[in-house]
Each structure stands twice: as C-alpha cells, then as structure tokens.
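Protein chains: 2
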Amino acid sequence: MSTRLDQATVDLLGVLAYGELTAFERLASDARLAPSISDKHALASMAAAEYDHYRRLYDHMLAESIDPEQAMAPFVGPLDAFHDSTPPNDWLEGIIKAYVGDGLATDFYREVAAFVTDAATRGLILETLADTGQASFAVAKVREATKADPAVAGRLALWARRLVGEALIQAQRVAVERDALTELLVGGSGDLAGIARLLTRLTDSHTERMASLGLQA
Amino acid sequence: MSTRLDQATVDLLGVLAYGELTAFERLASDARLAPSISDKHALASMAAAEYDHYRRLYDHMLAESIDPEQAMAPFVGPLDAFHDSTPPNDWLEGIIKAYVGDGLATDFYREVAAFVTDAATRGLILETLADTGQASFAVAKVREATKADPAVAGRLALWARRLVGEALIQAQRVAVERDALTELLVGGSGDLAGIARLLTRLTDSHTERMASLGLQA
C-alpha cells in the first residue's frame, strides 16, 4: 500500500491507534476492580468510547491506504512496556492512571497533532483526543476517597509520579527510534526554546490535573 | 420506579445485561493475551459489540422504568463467581471460553426469551443474543492451533468441560434464588418432559460447537 500522507503522520496515527486500543483493554480490565455496578458501568462506558476512537483512527488509516497493523507495530513495545510496568494495585490507582496518564498523553498528542499538515487527519486526531468522561469521574471518586481517608492522598501522589516517570522513559524510547515523528515535533516547535515551552505547558496542565484531584504534583 | 413488565422479564433483562457487561470486561482483558495486533483487534471488536448489547439492554430498562442496577444486582454474585473460577490460562482458553461459554449461555437465554410476553422486550433480547463474530474466529484459531500441535486438543476439551460444569453450578444457584425466572422457564416449557427436551437441545448445540472446533464434547 502507498499513502499520500508523510511518515510522521503515519507514525502519529499508529501510536494513537495502538494507544487507544491498549487504553481500551486496560480500562475494561480495571472495570473488574470497580466496587459497585455503577462504577463498573462508568468505566465500561469510557472504555467503549476509547474503542470508538481506535476504530475511527483504524478506518481512517485504511481509507488513506495505510496498513494499520504496520503503522501500529513500532509502538507495541513501548506502550506494552508502559502498561506492564504500571499495573494499578487497586481501583483508585486505576482511576488515577486513566485520568492523569491519559491526560498527559492527550496533551502531548494534541501538541504534535497541531503540526500535521493534512487537515482531515489533523481534525480526526483532535476529535479522538476529546475527553471520554474520565475527568469529572476521576475527580469525584478520588476526592471522595481522600475525604474518607486523608492518608490515601500521599500514596496516590506517589503513584502519579511513578506513572509520569514510566511514561517519560517510553516516550524517550519512541523519540530515539522514530526519527520522522521526532523531527515533526522538533521542526514544528521551531527550536529548543520551543520544545522547552512545550514541556512547560505539559507540566503546567499535569499540575492542574493533580490539583483538581486534591493531590500534590 | 414501577414498571409494567413482570418480575421474570425484569430478572431476565438484569441477568442478560450483567452477563454482557462481564463478557465485555473479560473479552477486553483477554485481548491482552492476543499474540498479534490483528488478534487483539478482533477480540477488541467483539468486546465492543458486547458493550453495545449491554448498552441497549440498559437503555431499554431505563425506558421501561426499571432501575438497571437493582435488576442486575442479584446476578453479580453468580456471574462473578463463574468468571473468577474460570480464568483462562492462555489465549486459546480465552477463545474457547468466549465461544463455547457464551454459546451455551446464548442458547439458554434464547430458550427463556421465547416465553417473554412483551414483544418489544423479546425482540430486543433476541437481537442482543446475535453472534458477535466469536464463532468463525474461534473455529479458525482453534483449528490452526490443534493442527500445529494435536496434543492441545485434549487440554482444550477438558477446559470446555470445566466451563460447562462451573456454568451449571452457577445456573443452579440462580434457579434456586430467582423464583420468577425459574417459574417462567418451567411454566413455559410446560412440564418436566419439556425441560428435558430443552436440556437435550442445549446439549446437542454444545456438542455441535465442540465438533466445529474439532474437539470432543
């Protein structure tokens, strides 16, 4: 198959699609930890929304003559490694992972997507990065738990720091291996000062998300 | 909330909805065991179809003034017990569970659904019992595996027998606890001879499914 889209865009579609597919699996698995039917329902609904995003990216790749499996393949290692190294120990850790982890990833992908030249692809990517309901659900559940037992807050803050650390390790691995994608980001940002500003924006949003949960970043 | 539907129908909607919700979770979790991206894709798609069935049953209950959580609650214990007692050890066992386990459950529910008096509910239930693609996928994958290593067939046949055994234990538990549902089935079947014929039909279909996989029932 030959596609009119450049390698960086193909890479971005691939990493996003595999990211949504694994997010779907993990959210649906974490639904098993849910303490009530309504919590299970909420998590299953978010997982189904992730599948829907995955499906739209997958279908877009087919329509653009991209082999979705080939596009996803380079990202299986890093994404599986991230998830394998961060299995949630309980329901709250699963929620933090869905909100804080996906939030950071989403912010990052949105920054990269801005540099995609194909308008249809850029539009679709931005749509699939929309919040699937994690935010308000996570905030409510975590605040409920820390109100009932303030000691929980310290443990969850540590957990969030670990998630960010593991995510950075894998992101670095991708950056080293996928030249076109890295070039898109570096070229789009302009220079090192541009990259620094991007990292500041990501850090600020992460700190805000943690604050909304009532946790220290 | 007060509904125009009788208790047996409410029970049937509840057990079906919770059954689809747990099937969704398990299929999505099993997708993690998939040996390739395309297998993962196939399992995730089936899981998403189960979620869609769950959602339609859930919405139907709301429209019929039934509290879905209350309707599902009596079946959480038996269905969770079934899944907890039958965690697949590998990818093939997961596929057998999805095909043979869901197949038996589906046949059974279809028999019960025939006795539901409300036509709209009966129609919806029969639609949600449609195959979500497990059949042809499972047959292809299991035949592939037993061709590569004939010894696998014996282990998988034993696994399927265990699934049926655990399912019967939980079904019996439900029958004892949910009078209205049991009454619907017994009353609908007419008499003990009717029940015996129903069991024969279920057994025959199960044997056919096993044969299509190339396994002994």
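Protein sequences, first through last, are from chains A and B.
Here the first sequence is numbered in this note's numbering, starting from 1 and rising by one per residue.
Here the second sequence is numbered in this note's numbering, starting from 218 and rising by one per residue.
Think of the CB as a built atom: it goes at the ideal place given N, C-alpha and C, for glycine as much as any other residue.
Since the model is a prediction, treat every value here as computed from it, not as a measurement.
For residue i and residue j, what's the separation of their Cα atoms in angstroms?
i, j, result
"ALA49(A)", "ARG414(B)", "42 Å"
"ALA245(B)", "ALA193(A)", "42 Å"
"TYR54(A)", "LEU129(A)", "11 Å"
"LEU321(B)", "GLN387(B)", "13 Å"
"ALA119(A)", "PHE108(A)", "19 Å"
"SER2(A)", "HIS60(A)", "14 Å"
"GLN287(B)", "LEU373(B)", "37 Å"
"THR363(B)", "GLU237(B)", "29 Å"
"ALA33(A)", "LEU92(A)", "Note that residue 33(A) is Leu in the sequence shown, not Ala. Roughly 9 Å between the two C-alpha positions."
"THR200(A)", "ARG339(B)", "57 Å"
"THR424(B)", "THR207(A)", "58 Å"
"ALA217(A)", "VAL152(A)", "15 Å"
"GLY77(A)", "GLN172(A)", "13 Å"
"TYR275(B)", "GLU344(B)", "14 Å"
"ASP223(B)", "ASP408(B)", "21 Å"
Under 8 Å, do residue i and residue j count as touching if we go by C-beta distance?
i, j, result
"ASP247(B)", "PRO305(B)", "yes"
"PHE292(B)", "VAL391(B)", "yes"
"LEU341(B)", "ARG273(B)", "yes"
"GLU166(A)", "SER36(A)", "no"
"ASP319(B)", "ALA377(B)", "no"
"ALA17(A)", "MET72(A)", "yes"
"LEU184(A)", "PHE115(A)", "yes"
"LEU375(B)", "LYS314(B)", "no"
Mapping DSSP to helix, strand and coil, what is residue i?
i, result
"SER406(B)", "helix"
"GLN70(A)", "helix"
"ARG221(B)", "coil"
"ARG395(B)", "coil"
"LEU213(A)", "coil"
"GLY133(A)", "coil"
"SER302(B)", "helix"
"VAL481(B)", "Lying outside 218 to 434, the shown extent of chain B, residue 481(B) is not represented and no answer is given."
"ALA196(A)", "helix"
"PRO367(B)", "coil"
Leaving out the 5 sequence neighbours to the left and right, which residues in its chain are closer than 6 Å to residue i when beta-carbon positions are compared?
i, result
"LYS141(A)", "ILE95"
"TYR99(A)", "GLN134, ALA138"
"ASP90(A)", "none"
"SER189(A)", "ILE195, LEU198"
Using a Cβ cut-off of 7 Å, pull out every chain C residue sitting near residue i, in sequence order please.
i, result
"LYS257(B)", "The displayed structure is made up of protein chains A and B, and chain C is not among them."
Identify, in the order they occur along the chain, each residue of the same chain with its Cβ nearer than 8 Å to the Cβ of residue i, setting aside the five sequence neighbours on each side.
i, result
"GLU419(B)", "Per the sequence presented here, residue 419(B) reads as Leu, with Glu not at that position. Taken in chain order, the residues that qualify are LEU321, ASP324, PHE325, GLU328."
Once the 5 residues before and after residue i are set aside, which same chain residues still bring their CB inside 7 Å of it?
i, result
"ARG218(A)", "In this structure chain A extends from 1 to 217, so residue 218(A) is not present and cannot be described."
Under 8 Å: do the region 197-216 of chain A and the region 253-269 of chain B share three or more Cβ pairs, one atom per stretch? Three or more Cβ pairs closer than 8 Å define a contact, and the region 197-216 of chain A falls short of that threshold against the region 253-269 of chain B.
Note to self: For the pair the region 2-13 of chain A and the region 32-44 of chain A, tell me if three or more CB-CB distances fall below 8 Å.
What the structure shows: no
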